[in-house]
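Only one structure is covered here, and it is reproduced in the block below.
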Amino acid sequence: MQLIEPLFAGPVDIVGDVHGEIDALENLLGHLGYDAKGRHEDGRRLVFVGDLTDRGPDSPAVLRKVMELVEADRAQCVIGNHELNLLRGELKDGNDWWVAPEACSDNMQPVTGEDKIGMIAFLESLPLALERQDLRVVHACWSEVAFAELQDSASGDATLCELYGRFTAKLAERWSDSARTHKLNREWRELAPIQKDPQQRPRLLATIAQMDREYQMSNPICVLTSGEETETEIPFWAGGKWRMVERVRWWERYDDPVPVVIGHYWRRFGDAIAVYSDKYGPDMFAGIEMHRCMGLRHNVYCVDFSVGGRYAQRTANEPLHMCRLAAVRVPEWQVMYDHGELQAIEGEYIDAN
Ligand SMILES: [Mn+2]
């Protein structure tokens, strides 16, 4: 298991969550100036923030492409929560192409058995984060606490999934206390009949909220790949069920001068209704313009512009450009979108360097 690996030196283009959108990826790489083999005449190289797959039409093609680039030393990639789900064999919305390819829907390319072996090896090789003196890349959250916890437990050559399993087992142990379990079961019984009904908002169920928060926060792999979470005040509907925990804007506490580029948190284009009508709950980016860094030191930039929502947009006949694939160019600090638009990013990263 690789925790933090050295990030490429020199100019890089950091690509956001691709989610199986192979055409958007090819277009973006073209606009960035890469040829079909991922070579750039200025010697630039690619970095992927994870979540290469799921939801979009051709996850295997995206994986094969990034694998080739990484093998040729023209790209690096950190692991995202979607890759983690694949490795753990967890069936989630949009990943049946991998977990249940025989039953995969027509608008999605399934993986073949032969391909899958090489892909597993590739996914297992991905680090959780990349770092150099002036730049850090992680899928969701840069957390020194999580890195330290992982360092302590990453003994021997345990795989990421094995470590994940250990954290889950520890949690189960802490929750084996019968009084707490009793409370939890009582709340689950209350929630079960309305859990999948957006019309019936449940009351806040404190024990479920506590359990959900602990599941996320006591597992450093979860923290790094899907971010910090805390109990919410009012349950909200997201991703097809009622939620008792909400995401934390960890960048508002990030007090380090080194800039961080992340993906994961879908940036909203206000009018992409098909994607956002019921999906997210609290807006993580309220008041933050698309081209600005965020956080305490204005040096965290999220490059996920929700191209993973295009599958829903196609069904709803919405203009696809509302959801985009993007890349951050460093050291220029510009954002390039998959239709070729280029915009300067504003922040205070320059102070850090
Ligand atoms: Mn993600």
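Numbering (my numbering), first residue to last: 15 to 367.
All residues carry an ideal CB built from backbone N, CA and C; glycine is no exception.
Proximity test, G94 beta-carbon vs ligand 1 heavy atom, cut-off 7 angstroms: Taking non-hydrogen atoms of ligand 1 into account, the C-beta of G94 is found less than 7 angstroms away from one of them.
Where the alpha helix (DSSP H) through D110 begins and ends: That run of the alpha helix (DSSP H) goes D110 to V113.
Straight-line Cα distance separating A193 from H312: Approximately 45 angstroms, taken between the alpha carbons.
S119 - partner residues in DSSP beta bridges: Per DSSP, none; premise fails for S119.
C-alpha gap between V342 and D269, whole angstroms: The straight-line gap from Cα to Cα measures roughly 21 angstroms.
Q374 versus L66, A183, E85 and V317, residue with shortest Cα-Cα distance: There is no way to answer for residue 374, as the model of the chain reaches only from 15 to 367.
Residue of L98, A23 and T67 minimising C-alpha distance to S320: Nearest C-alpha to S320 among L98, A23 and T67: T67.
Beta-carbon separation (whole angstroms), L174 vs I235, contact threshold 8 angstroms: About 6 angstroms separates the beta carbons of L174 and I235, which is inside the 8 angstroms limit, making them a contact pair.
Neighbourhood of R205 by C-beta distance below 8 angstroms, restricted to the same chain and skipping five residues each side: The identity of residue 205 in the sequence shown is Leu, whereas the question assumes Arg. Once the five neighbours on either side are set aside, the close Cβ partners of L205 are P216, L219, I222 and W256.
Contact belief for R90 with V61 at Cβ below 8 angstroms, rounded distance in angstroms: Residue identity check: residue 90 is Gln in the sequence provided, not Arg. In this structure Q90 is in contact with V61, their Cβ atoms being roughly 5 angstroms apart against a cut-off of 8 angstroms.
Cβ neighbour criterion (16 or more within 10 Å) applied to N233: Here N233 is buried, its C-beta having at least 16 other C-beta atoms within 10 Å.
Start and end residues, alpha helix (DSSP H) containing V76: S73 to E85 is the span of the alpha helix (DSSP H), which, as asked, contains V76.
Close Cβ partners of N367 (< 6 angstroms) along its chain, the five nearest in sequence each way excluded: Only weak support is given to the placement of N367: the predicted model assigns it a pLDDT of 43, under 50, and the value that follows is read from those uncertain coordinates. Here the set comprises D148.
Residue from L185, L77 and V26 with nearest C-alpha to G47: Closest by alpha carbon: V26.
Distance between P20 and R146 (C-alpha atoms, nearest Å): Rounded to the nearest angstrom, the two C-alpha atoms are 6 angstroms apart.
DSSP three-state assignment for P249, whether helix, strand or coil: In the structure shown, P249 sits in a strand (DSSP, three-state: E or B).
Heavy atom of ligand 1 within 7 angstroms of G34 beta-carbon: No, the Cβ of G34 stays beyond 7 angstroms of every heavy atom of ligand 1.
Straight-line gap, L144 to V152 (C-alpha atoms, nearest Å): The straight-line gap from Cα to Cα measures roughly 7 angstroms.
beta-carbon D65 near ligand 1 non-hydrogen atom, thresh 7 angstroms: Yes, since a heavy atom of ligand 1 falls inside the 7 angstroms radius drawn around the Cβ of D65.
Cβ-heavy atom distance, A154 to ligand 1, below 7 angstroms: Yes, ligand 1 has a heavy atom inside 7 angstroms of this Cβ.
Exposure of R69, with buried meaning 16 or more beta-carbon neighbours within 10 Å: It is buried - the Cβ of R69 has at least 16 other Cβ atoms within 10 Å.
Closest Cα partner of T244 within the set E260, P333, G254 and V237: The shortest C-alpha separation from T244 is found at E260.
Contact belief for G277 with D107 at Cβ below 8 angstroms, rounded distance in angstroms: With a Cβ gap of about 17 angstroms, G277 and D107 do not count as contacting.
Inter-stretch contact at 8 angstroms, needing at least 3 Cβ pairs: the segment 302 to 311 / the segment 347 to 362: Taking a contact to require three or more Cβ pairs closer than 8 angstroms, the segment 302 to 311 and the segment 347 to 362 qualify as touching.
Burial state of S196 (16 or more Cβ within 10 Å): Residue identity differs from the one stated: residue 196 is His in this sequence, not Ser. The C-beta of H196 has fewer than 16 other C-beta atoms within 10 Å across all chains shown, which makes the residue exposed.
Given 8 angstroms, three or more beta-carbon pairs between the segment 132 to 144 and the segment 208 to 215: At 8 angstroms Cβ cutoff, the stretches do not touch.
Segments of 4+ residues assigned as alpha helix (DSSP H) that fall wholly inside the segment 118 to 166: Counting only runs of at least 4 residues, the segment 118 to 166 fully encloses the following alpha helix (DSSP H) elements, listed from N- to C-terminal order: 127 to 139.
Contiguous alpha helix (DSSP H) assignments of at least 4 residues, all confined to the segment 288 to 364: Runs found: 324 to 330.
Ligand 1 heavy atom lying under 7 angstroms from the CB of G277: For G277, the CB falls within less than 7 angstroms of some heavy atom of ligand 1.
Assumed close pair I36, D72 - CB separation to whole angstroms, cut-off 8 angstroms: Their Cβ separation, rounded to whole angstroms, is 4 angstroms, which keeps I36 and D72 in contact under 8 angstroms.
Other residues of its chain near G34: CB distance less than 7 angstroms, five sequence neighbours each side excluded: If we look at G34 and ignore the five residues flanking it on each side, its Cβ neighbours are T67, D68, R69, G70, P71, D72, S73 and V76.
Unbroken stretches of the beta strand (DSSP E), 3 residues or longer, contained in the segment 184 to 255: Here the runs fully enclosed are 243 to 252.
Contact test: N31 Cβ vs ligand 1 heavy atom, cutoff 7 angstroms: It is Asp, not Asn, that sits at residue 31 in the sequence shown. Closer than 7 angstroms to some heavy atom of ligand 1: that describes the Cβ of D31.
DSSP-derived helix/strand/coil call for H45: In the structure shown, H45 sits in a helix (DSSP, three-state: H, G or I).
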